[in-house]
Every structure is written in structure tokens, then in C-alpha cells.
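Reviewing the structure listed below.
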Amino acid sequence: MLKADPFHGNEPPSRWVQRWSHLVAPGGVVLDVACGHGRHARWFYERNHPVALVDRAQAAIDSIAATIPAQRMQAVVADIENGPWPFAGRRFDAVVVTNYLWRPLMPVLLDSLAIGGVLIYETFTQGNETVGKPSRLDFLLRPGELLEICRSLRVVAFEDGFQEGPQGQAPRFVQRIAAVREAVTAADLGSAESPAAAQPVRYPLF
Numbered sequence: 110m111l112k113a114d115p116f117h118g119n120e121p122p123s124r125w126v127q128r129w130s131h132l133v134a135p136g137g138v139v140l141d142v143a144c145g146h147g148r149h150a151r152w153f154y155e156r157n158h159p160v161a162l163v164d165r166a167q168a169a170i171d172s173i174a175a176t177i178p179a180q181r182m183q184a185v186v187a188d189i190e191n192g193p194w195p196f197a198g199r200r201f202d203a204v205v206v207t208n209y210l211w212r213p214l215m216p217v218l219l220d221s222l223a224i225g226g227v228l229i230y231e232t233f234t235q236g237n238e239t240v241g242k243p244s245r246l247d248f249l250l251r252p253g254e255l256l257e258i259c260r261s262l263r264v265v266a267f268e269d270g271f272q273e274g275p276q277g278q279a280p281r282f283v284q285r286i287a288a289v290r291e292a293v294t295a296a297d298l299g300s301a302e303s304p305a306a307a308q309p310v311r312y313p314l315f
């Protein structure tokens with residue numbers, strides 16, 4: 110499902126994205142998928158991250174290009190549900206997705222994470238059909254589905270529940286995750302001879 114409104118995302122950055130953006134390596138390149146009006150691309154750009162973004166709406170991409178210098182941004186107009194993935198072979202320090210779900214794309218998004226890369230994902234889940242749109246089950250995550258999808262990553266944070274709508278927005282059922290592609294395996298972490306076992310990566314929780 111692509112966002113129906115080409116300017117969707119012209120609201121403040123997601124609090125979930127804001128909360129976990131510190132996990133992205135300083136100066137790391139951030140990919141904003143189905144970016145809409147680019148609220149998250151701008152959030153990361155303002156924090157000195159180069160950004161790449163993709164949306165099917167030319168008008169949305171043009172509006173973002175007017176606010177972020179070309180040397181700090183790669184903006185692509187593409188139908189990522191029916192066409193080829195425009196970043197084939199690329200790896201990013203973060204992949205950010207909000208209010209969007211297209212299950213066939215999930216393996217591609219995970220494969221787009223560099224070692225140490227962070228997936229920050231937030232979208233609607235089952236139950237949302239009782240309070241508004243989206244209401245089709247194809248576009249709603251199953252309970253715990255993001256945990257299943259991210260089983261190969263280190264999950265730093267996960268939420269799955271109901272949220273009252275802020276600032277007059279509709280209430281919604283949401284699921285969100287922040288997860289990292291680690292440089293070592295779980296077996297390595299458990300090895301007494303592994304340096305990582307003595308010095309595990311620290312993911313600050315705020």
C-alpha cells in the first residue's frame with residue numbers, strides 16, 4: 110500500500126523516530142521509504158545525516174528537494190510496489206518507514222541495512238479497522254509481526270498497542286520497532302573468546 114496522499118507526512122516527525130534516531134551512526138546515510146512530504150528526511154538532515162528518499166509522487170519529491178541541498182540528498186521517484194527497487198545493492202546506516210506496509214518489500218528493506226544499520230519502523234496494526242483507516246487487513250500488521258520480521262536483527266525496542274490521537278488526530282492501533290543489524294552473531298556474543306562478549310554494544314535507552 111502506498112500512501113494515498115502525496116503530501117502525507119507533512120506533520121511533525123514521529124516521536125518514535127525521534128526517540129531512536131540516536132542509534133544511527135553520526136553522519137550515517139538514512140533511507141526514508143515512502144517518504145511523503147519528507148518529515149523524517151528533514152529531521153535527519155538537520156542532524157547532519159545525508160539522506161536518500163523514495164516516493165511515487167513527483168510533487169512530494171519536488172517539495173523536499175526545495176528544502177534539502179542536492180549534495181546531501183538522493184531523491185527518487187519510483188513505484189516500489191510494482192517496479193524495481195531503486196537502491197539495488199546499496200546499504201544504509203538507517204532505514205526509516207512510517208505509516209506504510211508492503212510485505213513483499215520487507216526482505217529488501219532488511220537487506221538494505223549496513224552492518225550496524227538501524228531499522229526504525231512504525232505503522233498500523235490489526236484493530237485499526239475499528240477506529241479508522243487503513244482498515245484492510247492487507248495493510249495492517251499482525252500482533253507481533255515486526256518481531257517476527259526482525260528476528261535476524263538485534264531488537265532494541267518494540268511496542269504494539271493502542272494510541273489516542275494527538276492534537277485532534279484519530280486514535281490508532283500501532284506497532285513499532287527499532288532494531289540493529291549487528292556485526293557479530295548471537296553465538297559470537299556467547300563465546301568466552303569473543304571480544305564482543307566482554308564489551309557488548311551499548312544501545313542507550315531514553
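To convert, take the position in the sequence shown, counting from 1, and add 109; that gives our numbering. Quick reminder that beta carbons are idealized off the backbone N, C-alpha and C, glycines included. These figures come from a predicted structure and were not determined experimentally.
Distance from Phe-233 to Arg-281 at the Cβ level is roughly 6 Å; contact confirmed, criterion being Cβ atoms closer than 8 Å.
Fewer than three pairs of CB atoms, one per stretch, sit closer than 8 Å, so the stretch 146 to 165 makes no contact with the stretch 256 to 269.
By the Cβ rule, the stretch 168 to 180 does not count as touching the stretch 220 to 237, because fewer than three pairs are nearer than 8 Å.
Between the stretch 214 to 223 and the stretch 235 to 251 there are fewer than three C-beta pairs closer than 8 Å, too few to call the two in contact.
Here DSSP, grouped into helix, strand and coil, assigns Val-126 to helix. Per DSSP, Ala-287 is one residue of the beta strand (DSSP E) stretching across 281 to 289.
Judged by beta-carbon spacing, Pro-309 lies beyond the 9 Å limit of His-131, meaning their Cβ atoms are not closer than that value. Contiguous beta strand (DSSP E) elements confined to the stretch 175 to 217 occur at 182 to 186, 201 to 207, taking only those with 3 or more residues. Counting along the chain, the unbroken beta strand (DSSP E) around Arg-263 starts and ends at 263 to 272. Proximity to Arg-263 across Val-205, Val-186, His-149, Ile-224 peaks at Ile-224, based on C-alpha coordinates. Beyond the five residues adjoining it in sequence on each side, Gly-136 comes within less than 7 Å, by CB distance, of Asn-157, His-158 in the same chain, given in chain order.
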